[in-house]
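Oh and the sequence shown: position 440 is 455 in our numbering, straight run, nothing missing.
A short worksheet on the structure shown next.
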Amino acid sequence: MSARLKLLMRFVAAAVFAAFCQLYARDDDLRVYEIRNSSLVEVSAIVRTIPHSQPWKEDNLEVHRVTGVLLDDGLVLAGSLETKNVISYSVRLQNSEEYSALLIARDRELRLGVLRMQIPVPQSDDPANPIKPQQERSGSLRLPDRHDYTNRHVQWKCLSLDPVERASLREHTVFFENIGAAPSPDGNTEIPQLIFSGWNPGIRPGDLLVHENKIMGVVREYNASARYGSAVPSIFISQFVEALSQLSPPPAGELDVQPYVRNEIPQNTGTIVMDPGFRTVFINGAVQRSYLGLKPDTAALLVTDVLPFNPAMDNLLTGDVIISIDEKRIEPGGTLVDPVFGRIPAVCALILKNGRFRDRKDAVVIHAVRAAQIRRTSLGIAPFSQENYLVPASFDRPSFLVQSGLVFVELSKKYLTETPDAPQRLHYLAERSVFRKSIERERYVILDRILPAAGNRGYRTNRFIVQAVNGVAVINLSQLASRLEEAKIKREPVVLTLEGNRIIALDSADFERTDNEIRKTHGLPFLSGNIER
């Protein structure tokens, strides 16, 4: 056999072997789902809305609808899924069949959820029916190639179901522009986002971005006037679905719909998004670099805040200057190159590894300058939300206390949005203040108003913060209620210290009579609610 023939046979054998590997190789990192029009469904959530400014009022019910996509065995993936104060979920197919559903997993940062439809009987083998008893995967929706992410102005489709004609498929044309960074939907961690454009005012959060029957992402937000939007990339959706498949047994529903029960935001649970535990800004300008002792052409990040209760606490200080991440120097503009997304902000590189969110076992290697010396440190990483340490955006169920006509509530951002005349100082606290994590979680308690009665005559309020009761600092509404109850039992006078050294003095012996007067005069069904004792 000639050498040329042997070489040709080796080449053919190598080609056949490569084709065989390509056919049977499976990369779990790239496993998501291929979309078919019949796979689109409508997910509805009946939500109990509670007025924070008047928490004793009756609840209202609203219906929130988003687009979902069928996965396997009656599972439905939905983006921008409402999870707070939900009474029930349902899934409506395009053939108008509707099933109740249970939320079995959610990601609070990505706002993704997976529901399981409650199908009472096995479905028929009708090929037109998208749900089957042993439904197989409808395909492998691969992670888009790097080429798809780096080319500009690639045409995509945005799919959703019409909110009025609920079985009608809507399709918009959009164009992929680039990769940007934005805060995760429910947190402050910067994550890569797909930026797209197009004049389509009907696009809603939760709609699907599709290219050649492959899901590219889930719409996070869309600005109709500016004609652009952002979406969560498909690789993060894939990672979320994979995390669900690794749970055994499948998780139970996470909903707690009992009235008058408030669920605090869980810490270190419910998300695959890792957080470095600190915040940075890009050092921009020669004067800043010179002041920090850097060469004029050095690109670096300045650590502005180190969050409590995370691995970075023992390794970084506010004022440290980061010059490299994972042995890669910060590039001009405060960017690094990711193998999947291309050039991304360095804050995104802190939580990503090869285009995916880092696992708990992954560490971030950082070189930082402190006191004119370069320090190398390896940081652990964990799911973390700064929202756990801020004035909350909302409560599942707001707590309140009416005592002798004085109405006390806890500060939240929703309370401020419902109170047009709220003092500016409360808005400042809601935006800027971080409360201390302790055994009893600190909250700002506000004297919201005073309902006129004989026992409180002469007092007025402009929504002041309650600082102390009988000389003891107030840390939350539960503790204030306990102190007032204790004074009532002991028949002690009550002295409330408000901000600005304002004083309100009450006779606890009059509490019962005044409370009865308030209940009768103002028609309040309850004088307290959702106070944890």
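Heads up, the beta-carbon is just placed ideally off N, CA and C, and yes, glycines get one too.
In this text, all values refer to a predicted model and were calculated from it rather than measured experimentally.
Is the beta carbon of residue i sitting closer than 8 Å to the one on residue j?
i	j	result
A462	L513	The amino acid occupying residue 462 in the given sequence is Leu; Ala does not appear at that position. Contact flag set, yes.
V318	I338	no
V129	L259	yes
I345	A327	no
L117	R131	yes
H79	P413	no
F255	D122	yes
W214	R242	yes
L539	V417	yes
D290	F399	yes
L466	H537	yes
Determine the extent of the alpha helix (DSSP H) in which residue i is found, giving its start and end residues.
i	result
T529	F526 to H537
T432	K428 to T432
S175	Careful: S175 lies outside any alpha helix (DSSP H), inside the beta strand (DSSP E) at V169 to L176.
K503	L492 to K505
A364	A361 to A364
Compute the beta-carbon to beta-carbon distance between residue i and residue j, rounded to the nearest angstrom, for a pair I have assumed lies under 8 Å.
i	j	result
L492	I546	6 Å
G334	P354	Contact doesn't hold; Cβ gap of about 32 Å is too wide.
V288	I206	6 Å
I366	F372	6 Å
S245	L209	7 Å
A314	G349	6 Å
S543	F415	7 Å
F410	S393	Their Cβ separation, rounded to whole angstroms, is 38 Å, which puts F410 and S393 out of contact at 8 Å.
D341	V296	The Cβ separation is near 20 Å, so there is no contact.
I134	G89	5 Å
G470	S419	5 Å
I490	E457	5 Å
Express the C-alpha separation of residue j and residue i in angstroms, rounding to a whole number.
i	j	result
E77	T286	26 Å
V11	A502	The first residue shown for the chain is 16 and the last is 548, placing residue 11 beyond what the model contains.
V225	G232	7 Å
G83	V56	5 Å
V509	L495	11 Å
K172	E192	14 Å
C36	L223	Bear in mind that a pLDDT of 40 at C36, under 50, signals an unreliable position, so the model cannot answer this.
I504	R528	14 Å
P347	Y306	18 Å
T284	A397	In this prediction, T284 has a pLDDT of 47, which is less than 50 and means its spatial position is unreliable; what the coordinates show is noted afterwards. If you take the alpha carbons of T284 and A397, they lie about 10 Å apart.
A383	T204	21 Å
V47	I252	Caution applies to V47, whose pLDDT of 37 falls short of 50 and renders its modelled position unreliable; the value that the coordinates give is listed next. Going from the Cα of V47 to the Cα of I252 covers about 8 Å.
K229	F293	35 Å
N477	A524	26 Å
P178	V302	54 Å
Q170	H187	10 Å
S497	G94	42 Å
S212	V189	6 Å
L184	L176	5 Å
Y104	S115	6 Å
N75	Q482	33 Å
V91	L125	16 Å
A196	E433	30 Å
E112	V106	8 Å
Q388	K343	18 Å
N485	N325	36 Å
R41	E257	Low local confidence applies: a pLDDT of 35 at R41 is under 50, so the model's placement there is unreliable, and no value is given.
I298	R385	15 Å
V81	L174	11 Å
R72	R219	It is worth fixing the name first, because residue 72 is Lys in this sequence and not Arg. So the two alpha carbons sit approximately 31 Å from each other.
R375	D530	53 Å
Q149	N110	For Q149, the pLDDT reaches just 36, beneath the cut-off of 50, and the residue's location in the model is therefore unreliable, although a value from the coordinates is still provided. The alpha-carbon atoms of Q149 and N110 are separated by roughly 20 Å.
L332	G221	38 Å
Which residues bound the beta strand (DSSP E) around residue i?
i	result
R304	Where R304 is concerned, there is no enclosing beta strand (DSSP E), although the alpha helix (DSSP H) it sits in stretches over A301 to Y306.
E186	L184 to P198
L441	That residue, L441, is in no beta strand (DSSP E); its alpha helix (DSSP H) goes Q439 to R447.
K229	K229 to N238
F470	According to the sequence as given, residue 470 is Gly; it is not Phe. From DSSP, G470 is part of no beta strand (DSSP E); its letter is neither H nor E.
L317	L316 to V321
D122	E113 to D122
G83	N75 to L85
E57	L55 to T64
P248	Y243 to P248
Validate contact between the stretch 403-417 and the stretch 501-518 using beta carbons, cut 8 Å, 3 pairs: no
Cβ contact (3+ pairs, closer than 8 Å) linking the stretch 309-323 and the stretch 414-432: no
Sufficient close CB pairs (3 or more, under 8 Å) joining the stretch 96-103 to the stretch 57-67: yes
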